[in-house]
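Trainee:
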Amino acid sequence: MPRLSCVVASLVLLLAGCGRVEAPAGQAGEPGIGMEFSGVRACADCDAIEAWLRLEADGRSQRYRLVERYLDDGHARRFEESGTWRARGDLLQLRRVDGGERTYLRLADGRLQARASSGRADPRLADDLLVPLARPHPR
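Counting along the sequence shown from 1, when you hit position 17 you're at 303 in the numbering used here, and nothing is skipped either side.
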């Protein structure tokens, strides 16, 4: 199977409802297949954490962009990270450009749930869920 077909097939198998979407703002001209997720989770020292994740795949690479906003008393601190991703069955591994890593499990309904790096459930991450978005939202 050609390399592009393998990349596309792995993305489609990992993510239900995947389709061709526009590139995020600032990345025009980079066509590919993408999927977006968002979620809100509890925070120990702020009101909540909003998260937005975009996965992209083309014939050359599999990239991601994650934006998290820590909300507190009407103010927000924004953090961004990017890097590469890979799928291993229902596990999605995100590797930041600085070497850090995050792992998610694709649930039967298409949501992503944060997991320990081994892929095992971690009670501290139980509320870290990302829901697939039907339409892309520029960030």
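Ideal Cβ positions, reconstructed from N, Cα and C, are used throughout, including at glycine.
Let me check understanding here. Comparing Cα to Cα, which of Arg410, Ser403, Leu378 lies closest to Ala330?
Mentor: Arg410
Trainee: Could you name the residues of the same chain whose beta carbon sits closer than 6 Å to that of Arg382, not counting the 5 residues immediately before and after it, in chain order?
Mentor: Glu367, Gly369
Trainee: Use the C-beta contact count for Ala373: other C-beta atoms within 10 angstroms, 16 or more gives buried, fewer gives exposed.
Mentor: buried
Trainee: Measuring straight from C-alpha to C-alpha, what distance separates Arg327 and Glu336?
Mentor: 7 Å
Trainee: With distances taken between CB atoms, is the gap from Gln399 to Leu415 smaller than 8 Å?
Mentor: yes
Trainee: Bridge partners for Arg340 per DSSP, in chain order?
Mentor: Glu322, Arg351.
Trainee: With which residues is Val417 paired in a DSSP beta bridge?
Mentor: Ser324
Trainee: Which residue comes first and which comes last in the beta strand (DSSP E) that contains Ser368?
Mentor: 361-374
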